[in-house]
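A quick write-up on the structure given underneath.
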Amino acid sequence: MRENPYKRLPPIERRQDGSLYRMTPAQRKQANALIRRECCNYEDGNCMLLDDGDTCACPQTASFSVCCKWFRWSVLPQIGTLEAEIFRDKDLKRCAVCGGVFVPKSNRAKYCPGCAARVHRRQKTESERKRRSCVDS
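FYI, the numbering for the sequence shown is 1 to 137, going by full-length UniProt numbering.
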């Protein structure tokens with residue numbers, strides 16, 4: 001019989017007072033959509049890891065706290081902004097163009113990944129246009 005990979009995951013982080021981290025309703029809605037789409041143990045509202053013959057509803061979809069180790073360590077890191085909002089371990093920044101929240105890859109980041117490509121392309125075009133206008137013909 002194979003070993004359950006769930007057992008090897010680190011424990012769930014807790015706050016200083018010992019309570020679990022809680023999600024707001026908007027974060028929970030986003031997390032539930034992520035679970036339905038990406039969790040390999042989620043099937044028709046049931047958790048296959050907790051299934052011991054009887055179907056067991058997924059506790060993470062019903063709870064506002066982060067209570068599932070598989071969700072915490074395998075599913076949640078796929079959306080870094082949601083993880084950072086829940087755990088506040090990473091700094092979040094707001095995009096200077098669209099105002100959206102993103103996790104910066106460096107301390108100099110001003111734009112979210114979606115806007116960064118457009119801004120870089122526009123700046124490069126302006127730079128090239130300026131460089132070409134100074135050339136004597």
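Just so you know, even glycine gets a beta-carbon here, dropped at the ideal spot from N, CA and C.
Excluding residues up to 5 positions away in sequence, C112 and C115 lie with their Cβ nearer than 7 Å to the Cβ of C98 in the same chain. By the beta-carbon neighbour count (other beta carbons within 10 angstroms, threshold 16), V135 is exposed.
Three or more Cβ pairs closer than 8 Å define a contact, and the segment 37 to 50 falls short of that threshold against the segment 81 to 91. In this structure, the alpha-carbon of L82 lies about 32 Å from that of D54. Look at L20 here: in three-state DSSP terms it is strand. Scanning its chain for C-beta atoms nearer than 8 Å, with the 5 sequence neighbours on each side dropped, one finds around Q30 the residues I79 and L82, in chain order. Nearest neighbour of P25 by Cα position, chosen from S63, G18, R36 and K124, turns out to be S63. Using a 10 angstroms sphere on the CB of Q60, the tally of other CB atoms reaches 16 or more, which defines it as buried. In the three-state scheme derived from DSSP, where H, G and I count as helix and E and B as strand, S65 is classed as strand. Between V66 and L34, the C-beta spacing is not below 8 Å. Take the alpha-carbon of H120 and the one of R108: they are about 14 Å apart. Judged by DSSP in its simplified three-state form, C115 adopts helix.
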